[in-house]
Every structure is written in structure tokens, then in C-alpha cells.
Amino acid sequence: MAASAASWAGLSLARPLVMGILNVTPDSFSDGGSHAAPHAAIAAGSRLLAEGADILDIGGESTRPGAIPVTPAQEQARILPVIRALAAQGAVISADTRNAATMAAALDAGAAIINDISALTHDAAALPLVAARGCKVVLMHARGTPATMNDRAVYDDVAGDVLAELLAARDRALAGGVRAENIALDPGFGFAKRGAQNVALLRATARFVATGHPVLIGLSRKQFLGALSGEAEPAKRDPASLAAGLFALGLGAHIVRVHDVAGTVQAFHVWRILNARYDG
Numbered sequence: 392m393a394a395s396a397a398s399w400a401g402l403s404l405a406r407p408l409v410m411g412i413l414n415v416t417p418d419s420f421s422d423g424g425s426h427a428a429p430h431a432a433i434a435a436g437s438r439l440l441a442e443g444a445d446i447l448d449i450g451g452e453s454t455r456p457g458a459i460p461v462t463p464a465q466e467q468a469r470i471l472p473v474i475r476a477l478a479a480q481g482a483v484i485s486a487d488t489r490n491a492a493t494m495a496a497a498l499d500a501g502a503a504i505i506n507d508i509s510a511l512t513h514d515a516a517a518l519p520l521v522a523a524r525g526c527k528v529v530l531m532h533a534r535g536t537p538a539t540m541n542d543r544a545v546y547d548d549v550a551g552d553v554l555a556e557l558l559a560a561r562d563r564a565l566a567g568g569v570r571a572e573n574i575a576l577d578p579g580f581g582f583a584k585r586g587a588q589n590v591a592l593l594r595a596t597a598r599f600v601a602t603g604h605p606v607l608i609g610l611s612r613k614q615f616l617g618a619l620s621g622e623a624e625p626a627k628r629d630p631a632s633l634a635a636g637l638f639a640l641g642l643g644a645h646i647v648r649v650h651d652v653a654g655t656v657q658a659f660h661v662w663r664i665l666n667a668r669y670d671g
């Protein structure tokens, strides 16, 4: 178990961090195609920074259920110009990828964090690369691939099973040379989890926080929030996403990955004020 971290990726964890989503893809579930061209993605990233994003999570491969994989070369062509430009602006960049070659190229371009939905299991070269580079890494829980994960959403106890499987991935990373203080954990909402399973997992956030690793919560505009809110259109689920994110903060989560950075930053600021303890 890791000791509770005071900072991660050079950012203090004394307050919750906002990770802004920047998908440089034509087919992501919520914003696919919005930032497919590098100039549009760079402009969007600059806007997210101005709105208060602490981290930009840049991805070039859609991982929504049923998504078709792209080659590392395609992925790199999409994201590397964007990473270089935004890193030059001083952004803390997370590269959302499961491919070791893309991880290496992204780190060379200025990324500081690798965010891997497969927890360094998709590509055999990923774990040794992350260990050798000494970068920060987000290990996310998932089962199968984007094409098969919905068929693997079967659990005896979703929170307990996910925590056990994620800690097993953490232990593999440690055994492979990744330092404990570099690891953050993500329960993987929507990845091999359906409907009420996501709700149960969210309610168990404190169990993941108890590991001592920073906990990243990625539930922005997810389908289960659409079911809870009655909103069918992903882009209109920001209020539901914000409510769920604040709930996670109340249980100790450290980083929330969102599309709506401006609204989240404002809400988190007020949440912190209202939850502050005063001496009288």
C-alpha cells in the first residue's frame, strides 16, 4: 500500500484536481470530431487551460464500447503536434494511450503522465517503458477490449472485484519497477461495467482512496449518468457529471476527469469553501 501522497505530477493534492478531456479523434462517444484537426485541438486545449484545468488528458484513439482500434502511427499523428504545442504553453499533459510506442513518443513530446485504460497490460512493452522513464501513470480497471468489454461486466461484488483486480495490476506494475508514488488508480467507470454497477462502484470510492494512491474518477457524460438523469444526449450530461464528481470528492477522490472544465472548476471552488473548517 502506498503512503498517501501530498502531491502528484508536480501538483498539490491539497485540493481536488481537474483533468480536462481533449479527444483528438473522429469517433469518441461525446465529442468525437470536435477537435480532430491539430489546430482545433490546440485551441481547445488552450481554452481548457484558461478555464482552470490542472491537467490535459490528450487521446488519439476512441475507447468507447465497440470502438475500432487505430494503429500507433495514426494515434501519434493525431496527438503529438497537440502535445508539443500545449506542453510549450506550460500544460501538465497526460497521454491517454495503451500503446508503448505512443507512450514513448508522447513523453518525448512533453507529456508527464501516461493514462492507460489497460493498466499497462495491452502492450507488453508498456510496463518496462513506464518504469524506465519514471513518469506518472494512471492504472485504470477494465476487462477485455473496447470491442468486448460489455460482455465481461459480470461480478460477484463489483466494488470488491474491481478493487482486487486493480490492485493486482498495481502489484504487477510495482514488480516491474514502477515506483509506488508514481501510480494513480482509476476504477474505470463504464469499462466492463453496466448501469447500477457504476453506481455501486462510485459509492465505494473511499475503498480506492484507502489504498493511499491518488484516485482519478472518470465519469463525465457516461451512459449510466444519462440513465440516472434521463438525459439521452451525452453533451447535455454535464450537470449530472458534476453532481457525481462532487459526490466522489466527498468520498476522498483526488482527480476528476471532465469535459466541462469551467463549470467543474467553479463548482469545486465553492465545494471547498463550504467544506472548509473554520476555527470560529
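Quick note on our numbering: the sequence shown kicks off at 392 and runs consecutively. Ideal Cβ positions, reconstructed from N, Cα and C, are used throughout, including at glycine.
Nearest to residue i (by Cα), restricted to the options the options
| i | options | result |
| --- | --- | --- |
| Asn-506 | Asp-548, Ala-595 and Ile-449 | Ile-449 |
| Ile-412 | Ala-491, Asp-499 and Leu-439 | Leu-439 |
| Leu-459 | Pro-472, Lys-584 and Met-540 | According to the sequence provided, residue 459 is Ile. The question's Leu does not apply to it. Nearest C-alpha to Ile-459: Met-540. |
| Leu-610 | Ala-571, Asp-651, Ile-574 and Gly-621 | Asp-651 |
| Asp-629 | Val-649, Thr-462, Leu-498 and Gly-643 | Val-649 |
| Ala-517 | Gly-568, Leu-642 and Pro-578 | Gly-568 |
| Val-606 | Ala-639, Gly-654 and Ile-474 | Ala-639 |
| Ala-428 | Pro-625, Gly-443, Arg-570 and Ile-474 | Ile-474 |
| Asp-499 | Arg-524, Pro-519 and Ala-510 | Arg-524 |
| Arg-534 | Val-528, Leu-520, Ile-508 and Pro-519 | Ile-508 |
Identity of the residues DSSP links to residue i by a beta bridge
| i | result |
| --- | --- |
| Met-410 | Ile-446 and Arg-648 |
| Leu-511 | DSSP lists no partner for Leu-511. |
| Asp-487 | Gly-450 and Asn-506 |
| Trp-399 | Leu-402 |
| Ala-575 | Val-529 |
| Ile-459 | BP columns for Ile-459 are empty, so no partner. |
| Ile-608 | Val-647 |
Proximal residues to residue i (C-beta, below 7 Å), its chain only, five neighbours per side dropped
| i | result |
| --- | --- |
| Leu-402 | Leu-408, Asp-445 and Val-483 |
| Ser-419 | A caution first: Ser-419 carries a pLDDT of 48, below 50, which makes its placement in the model unreliable, though a value can still be read off. Answer for Ser-419: Ser-453 and Arg-455, listed in chain order. |
| Leu-514 | First, the residue type needs correcting, since residue 514 is Asp and not Leu in the sequence shown. Around Asp-514: Arg-489, Asn-490 and Ala-491. |
Neighbourhood of residue i by C-beta, 8 Å cutoff - its chain only, sequence neighbours within 5 removed
| i | result |
| --- | --- |
| Ala-623 | Gly-617 |
| Gly-423 | With a pLDDT of 49 at Gly-423, under the threshold of 50, the modelled position of that residue is not reliable, and no figure is offered here. |
| Ser-398 | Leu-404 |
Proximity below 7 Å, CB of residue i to CB of residue j
| i | j | result |
| --- | --- | --- |
| Lys-613 | Gly-581 | yes |
| Gly-433 | Ala-476 | The sequence shown places Ile at residue 433, not Gly. Yes; because the gap between Cβ atoms is below 7 Å, this pair is in contact. |
| Ala-583 | Ala-544 | yes |
Other residues of its chain near residue i: CB distance less than 6 Å, five sequence neighbours each side excluded
| i | result |
| --- | --- |
| Asp-552 | Tyr-546 |
| Asp-670 | At Asp-670, the pLDDT of 47 sits below 50, so the modelled position is not reliable; the number obtained from the coordinates is stated separately. There are no such residues. |
| Val-549 | Gln-588, Ala-591 and Leu-592 |
Does the stretch 463-471 come into contact with the stretch 583-599, if we say contact requires no fewer than three beta-carbon pairs (one atom in each stretch) closer than 8 Å? Counting Cβ pairs under 8 Å, fewer than three are found: no touch.
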